[in-house]
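Read the structure below first, then the notes.
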Amino acid sequence: MRGTAIIVYMKRMKYVGVLLIHLLICHVALAQQVKIIFDTDMDSDVDDVGALAMLHGFADRGDAAILAVMVSSLNPWSPGAVDVINTFYGRPDIPIGAVQRFGVYHKSRYAKALCEQFKHNTPPEGDITDATMLYRKILAAQQDTSVVVVTVGDLTNLSNLLKSAPDQFSGLEGIDLVKKKVKHLVCMGGRYPADTDPQPWGNFKPDPGATRHVAAEWPTRIYFTGGGAFADSIPTGNIFFQEKYRHTPMAHAYQLFLKSWNRKWHHSADIIAVYVAVKGYLPYFKSEERGYNHIFEDGTNVWRLAPRDDRHYLISAFADGADPGKIAEKFNEWMTPQGH
């Protein structure tokens with residue numbers, strides 16, 4: 001009987017050991033996930049769609065945890081378009097916040113169509129949580145310096161967050177809450193070394209006051225990523241024109257947007273920002289650590305090599321030996337729906 005008891009005991013201990021190892025692996029995996037708040041306009045350009053798709057791809061692979069998605073656009077269909085993509089990827093409960101009253105409105109070739117043709121639970125006339133309030137609620141609940149914010153739209157929400165007052169979620173002023181909870185900001189906007197075109201397109205110029213405020217006052221490190229020729233050299237989105245993906249909301253958005261362009265690819269400006277937020281800039285890109293991003297009153301910008309701002313870093317060039325074509329292939333792979 002004693003021998004039998006020992007065998008039973010050993011089997012139980014083996015089971016407990018396996019369970020503990022499994023729990024440890026799960027704990028390590030969760031600890032390695034990058035906690036992301038994604039801030040997007042989701043209206044005038046379609047790379048926002050690709051960027052959110054790739055973020056979900058990283059979440060599917062265990063690399064990222066999506067805490068919330070914020071919308072910086074006043075287009076009433078933009079929050080619903082975000083919800084369509086979240087729902088498609090099996091994450092309909094991701095909180096969505098949106099700018100309220102004062103912000104930028106852009107037309108969209110795809111946002112309304114996505115809302116009308118795909119499942120979601122965010123009608124244009126519905127009550128959307130104020131982005132500033134949701135930022136404060138989410139950040140207050142996180143561990144210190146644990147959240148990466150990635151913005152691929154106007155900087156209105158981030159400026160409002162910095163100016164926000166203490167509330168029921170935190171007794172800290174907005175700038176202090178950001179300093180306490182945010183690890184760093186990845187900001188897609190501008191062109192480098194300079195964007196001198198005063199026309200109000202892009203992410204910096206539609207709300208130049210917010211852009212200047214965030215660039216000057218954001219208390220953590222900021223990784224600026226650029227558009228223009230740099231982003232054009234990584235053509236993505238063509239994956240959504242394959243037959244097996246044509247049923248997806250991402251494919252519908254890309255096809256609607258690119259119809260007048262008569263091509264089946266688009267630049268990767270916002271997608272690069274998501275990659276940097278989750279994976280860092282290596283091995284594909286290199287970081288410029290000299291100088292700072294100077295924002296003019298109209299939102300145009302130039303990267304000046306002096307003086308040094310210890311918060312500002314620029315990711316707008318390829319690492320030595322990096323192949324833009326291979327990077328595009330990898331980005332498309334991460335953007336591709338897996339089992340959805």
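For the sequence shown, UniProt numbering begins at 1 and goes up steadily by one. Using N, Cα and C, we set each Cβ at its ideal position, and we do this for glycine too.
Q: Give, in chain order, every unbroken run of the beta strand (DSSP E) that is at least 3 residues long and sits entirely within the region 43–106.
A: Complete beta strand (DSSP E) runs here, min 3: 64–71 and 96–98.
Q) Is the beta carbon of aspartate 207 less than 7 angstroms from the beta carbon of threonine 156? A) Judged by beta-carbon spacing, threonine 156 lies within the 7 angstroms limit of aspartate 207, meaning their Cβ atoms are closer than that value.
Q: State buried or exposed for phenylalanine 102, treating a residue as buried only when at least 16 other CB atoms are found within 10 Å of its CB.
A: So phenylalanine 102 ends up on the exposed side.
Q) Would proline 123 pass as a contact of isoleucine 96 if the rule is Cβ separation under 7 angstroms? A) One thing to note: proline 123 has its Cβ no nearer than 7 angstroms to the Cβ of isoleucine 96.
Q | Exposure of glycine 50, with buried meaning 16 or more beta-carbon neighbours within 10 Å | A | Residue environment for glycine 50: buried (at least 16 other C-beta atoms within 10 angstroms of its C-beta).
Q: For alanine 319, count neighbouring C-beta atoms within 10 Å of its own C-beta (all shown protein chains included) and say buried if the count is 16 or more, exposed if not.
A: With fewer than 16 Cβ atoms within 10 Å of its Cβ, alanine 319 is classed as exposed.
Q. For alanine 317, which option in Lys183, Gly57 and Thr225 has the closest C-alpha, if you only look at C-alpha atoms?
A. The shortest C-alpha separation from alanine 317 is found at Thr225.
Q) Going by DSSP, which residues form a beta bridge with tyrosine 254? A) Residue pairing for tyrosine 254: DSSP places it in no beta bridge.
Q | C-beta atoms of asparagine 301 and phenylalanine 230 nearer than 7 angstroms | A | Taking the C-beta atoms as reference points, phenylalanine 230 is found no nearer than 7 angstroms to asparagine 301.
Q: Apply the 10 Å Cβ neighbour rule to tryptophan 77 and answer buried if 16 or more other Cβ atoms are within range, or exposed otherwise.
A: Around the beta carbon of tryptophan 77, 16 or more other beta carbons sit within 10 angstroms, so the residue counts as buried.
Q.
Can you look up arginine 212 in the DSSP assignment and give me helix, strand or coil?
A. In the three-state scheme derived from DSSP, where H, G and I count as helix and E and B as strand, arginine 212 is classed as helix.
(Q) Are the CB atoms of arginine 212 and arginine 311 within a distance shorter than 7 angstroms? (A) 7 angstroms or more divides the Cβ of arginine 311 from the Cβ of arginine 212.
Q: Identify, in the order they occur along the chain, each residue of the same chain with its Cβ nearer than 7 angstroms to the Cβ of residue 391, setting aside the five sequence neighbours on each side.
A: For residue 391 there is no data in the structure shown, the boundaries of the chain being 1 and 340.
Q.
On a Cα-Cα basis, can you pick out the residue from Gly209, Leu258, Ile327 and Leu177 that is closest to glycine 299?
A. Of the candidates Gly209, Leu258, Ile327 and Leu177, the residue whose Cα lies closest to the Cα of glycine 299 is Gly209.
Q | Nearest-angstrom beta carbon gap, aspartate 47 and alanine 269 [assumed within contact, 8 angstroms] | A | Their Cβ separation, rounded to whole angstroms, is 5 angstroms, which keeps alanine 269 and aspartate 47 in contact under 8 angstroms.
Q. Per DSSP, what kind of secondary structure is aspartate 39 in: helix, strand or coil?
A. Strand.
Q | N-terminal and C-terminal residue of the alpha helix (DSSP H) that isoleucine 271 is part of | A | For isoleucine 271, the enclosing alpha helix (DSSP H) stretches over residues 269–279.
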